[in-house]
Amino acid sequence: MSNTSILYPALIYKNNKTNVFVANCLIKNFIGYGQSEEAAITNLENILNRSSNDYPVKIKPVYKFLTKLM
């Protein structure tokens, strides 16, 4: 039996106004909050696992959103 999971990218950043870390899922448009990066990622994974029952969801942290114009 294979262990299949869905991997979603999430932009991780710190909100300087409230000193809270934010994990923003770029595909599903969900946001997780936490006092640390790990807590924000875990919160977002829990939210995504509640919304999708087919496969477990894992988060790939992304720290910079790179756009390159040609």
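Number 27 in our numbering belongs to position 27 of the sequence shown; there are no gaps in the numbering.
Each residue gets a CB set at the ideal place from its N, CA and C atoms; glycine is no exception.
The model shown is predicted, which means the values in this text are computed figures rather than measured ones.
**OP:** Quick one: give me the first and last residue of the beta strand (DSSP E) that L26 is part of.
**Re:** First-last for L26: undefined, no H or E at that position.
**OP:** Give the DSSP-derived three-state secondary structure of N53 in the structure shown.
**Re:** coil
**OP:** Apply the 10 Å Cβ neighbour rule to N29 and answer buried if 16 or more other Cβ atoms are within range, or exposed otherwise.
**Re:** exposed
Subject >> Simplified DSSP state of A19, which is helix, strand or coil >> reply: In the sequence as presented, Ala is not what sits at residue 19; that position holds Asn. It is coil, neither helix nor strand.
Original post:
Measuring CB to CB, does V62 end up less than 8 Å from P9?
Top reply: yes
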